[in-house]
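Trainee:
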Amino acid sequence: MLDRSDFESWKQRIRLYCKGKDNGENMPQSIDEGLFQMGKFREILADGAQGPERDRVFEDLTPKENERYKADIRATNILLQGSELTKDERKSQLYDDFEHFHQYKGETNHEYYVRFTKLINDMRNIKMTLPKMQLNLKFINNMLPELGRFMTAIKLNRGLNISNYDQLYAYLKQHEAHSNENKMMLEKYTQHAIDPLAFVSNVSF
174 MLDRSDFESW
184 KQRIRLYCKG
194 KDNGENMPQS
204 IDEGLFQMGK
214 FREILADGAQ
224 GPERDRVFED
234 LTPKENERYK
244 ADIRATNILL
254 QGSELTKDER
264 KSQLYDDFEH
274 FHQYKGETNH
284 EYYVRFTKLI
294 NDMRNIKMTL
304 PKMQLNLKFI
314 NNMLPELGRF
324 MTAIKLNRGL
334 NISNYDQLYA
344 YLKQHEAHSN
354 ENKMMLEKYT
364 QHAIDPLAFV
374 SNVSF
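My numbering puts the first residue of the sequence shown at 174, with every later residue one more than the last.
1) Distance, Cα to Cα, R263 vs I217?
2) In its own chain, which residues sit with a C-beta less than 8 Å from the C-beta of N315, not counting the 5 before and 5 after it?
3) Counting only the same chain and skipping the five closest in sequence on each side, list residues whose C-beta sits under 6 Å from that of M358.
4) Looking at the structure shown, is G321 part of a helix, part of a strand, or coil, going by DSSP?
5) Which residue marks the beginning of the alpha helix (DSSP H) containing Q340, and which one marks its end?
6) So, using beta-carbon positions, are D295 and L267 closer together than 7 Å?
7) Where does I299 sit, in a helix, a strand or coil, going by DSSP?
8) Report the three-state DSSP secondary structure of K213 (helix, strand or coil).
9) With 16 as the cutoff for other CB atoms within 10 Å, does N298 come out buried or exposed?
10) Is the separation between the beta-carbon of Y286 and that of Y344 shorter than 7 Å?
11) Along the chain, where does the beta strand (DSSP E) containing R227 start, and where does it finish?
12) Who are the near neighbours of L333 in its chain, counting only those whose CB is closer than 6 Å to its CB and skipping five residues on each side?
13) Can you tell me whether E280 is helix, strand or coil according to DSSP?
14) Apply the 10 Å Cβ neighbour rule to D245 and answer buried if 16 or more other Cβ atoms are within range, or exposed otherwise.
15) What does a CB cutoff of less than 8 Å around Q223 pick up in its chain, not counting 5 residues either side in sequence?
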């Protein structure tokens, strides 16, 4: 699946892949400008007059137009089916995705966990394995900063070389309510700091 947050990265990969194929110069043009338009055509009649207008067909194309037409088909297949990466290319791509993996601002913990799980499953599907400790540290260290308190607690109280990231997520999920409560308290404190009268009104004597 293509991650829109990493649009520039996968766009460049597709372009580089296209350039390595037949008609490699035409395929990026197809992607940028859309499909080649066949246009209209008029036959020249025996008396030299132009015949009725009709849609052009493949046989009407010049050699250069023929190359562009075939490049359109190839580019469309790449975009629809994904680039035909070799196993080594796929490994390199997944290692890069793992290296730059992090939780996005606004992304829920569950969404982060699902995305991480999919990446690890993709790696396992082509027999890529990483140590449990490395997976756990990647999962923990790349969550949003506001979860730092609970991440520290996990590191101290859970054996990162024994637990897996599924268990770490389950542990975190138990404490999400506390995290939300802390966030609400912080927002309330910030509001009081901005509005001293509101703070005084909430103080009982």
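Glycine included, C-beta positions come from ideal geometry on N, C-alpha and C.
Mentor: So, to answer that:
1) When rounded, the distance between both Cα atoms is 53 Å.
2) F274, H275, Q276
3) Within the same chain, no Cβ atom closer than 6 Å to the Cβ of M358 is found once the five residues on either side in sequence are excluded.
4) helix
5) 338-347
6) yes
7) coil
8) strand
9) The residue in question, N298, is exposed, as its Cβ has fewer than 16 Cβ neighbours within 10 Å.
10) no
11) 223-228
12) Excluding five sequence positions before and after L333, the CB atoms of its chain that fall closer than 6 Å to its own CB belong to M306, N309, given in chain order.
13) coil
14) buried
15) R215, E216, I217, listed in sequence order.
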